[in-house]
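> Per our numbering, the sequence shown starts with residue 55, numbered consecutively. Quick reminder that beta carbons are idealized off the backbone N, C-alpha and C, glycines included. Have a look at the structure that comes next, please.
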Amino acid sequence: MDPARDEARDLFNGKTLLVIDQDFFLSDQTRRMVEGWGGAFVVVGCVAEAHEFLKSRQVDAAVIDIELETRDAFLLCERLDALGIPFVFAFGDSAPDAVRAHGGFSLRGRSTR
Numbered sequence: 055m056d057p058a059r060d061e062a063r064d065l066f067n068g069k070t071l072l073v074i075d076q077d078f079f080l081s082d083q084t085r086r087m088v089e090g091w092g093g094a095f096v097v098v099g100c101v102a103e104a105h106e107f108l109k110s111r112q113v114d115a116a117v118i119d120i121e122l123e124t125r126d127a128f129l130l131c132e133r134l135d136a137l138g139i140p141f142v143f144a145f146g147d148s149a150p151d152a153v154r155a156h157g158g159f160s161l162r163g164r165s166t167r
């Protein structure tokens, strides 16, 4: 038994994760992990779709690709905060200064170049 896997399964089992991302790599990799741990996975391609989704559905957490629409992404973060939904910023090579100033958890990917 792997304690880390058991802990991840306990954290994600029965939970719904919203991913705001246009990059198939992040979405696919995250989907496989979350579903493997018993969670549900929803991906939308832009911040506007995320706002629309949140009007009628509940999620337990969100991963936001901050490189999409930076200004709008921060407005979404404010909404998620107000709803009590934890979120993670995902970004490529470097975080925009605004991400560092906002605080919270950031997930940095490696360059594919």
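1) Starting from aspartate 26, trace the alpha helix (DSSP H) both ways and give me its first and last residue.
2) For arginine 86, which residues of its own chain have a beta-carbon under 7 Å away from its beta-carbon, when the five flanking residues on both sides are left out?
3) With hydrogens ignored, establish whether the beta-carbon of aspartate 119 is closer than 7 Å to any heavy atom of the ligand SAM.
4) Less than 8 Å between the beta carbons of phenylalanine 95 and isoleucine 118, yes or no?
5) Using only alpha-carbon positions, find the residue among Thr84, Gly92, Leu71 and Asp77 that is nearest to glutamate 61.
6) Would you mind sorting leucine 134 into buried or exposed? The rule is 16 or more other CB atoms within 10 Å of its CB.
The relevant details are as follows:
1) Since the first residue of the chain shown is 55 and the last is 167, residue 26 is not available in this structure.
2) If you number the sequence shown from 1, residue 86 lands on position 32. Excluding sequence neighbours, arginine 86 sits near nothing in its chain.
3) Of the ligands one can find in the structure shown there are none, so the ligand SAM has no counterpart to examine.
4) Stepping through the sequence shown from its first residue, residue 95 is reached at position 41. Stepping through the sequence shown from its first residue, residue 118 is reached at position 64. The answer is no: Cβ separation not under 8 Å.
5) Counted from its first residue, the sequence shown places residue 61 at position 7. It is Gly92 whose Cα lies nearest to the Cα of glutamate 61.
6) Start at 1 with the first residue of the sequence shown, and residue 134 comes out as number 80. Note on leucine 134: 16 or more other CB atoms within 10 angstroms of its CB, so buried under the neighbour-count rule.
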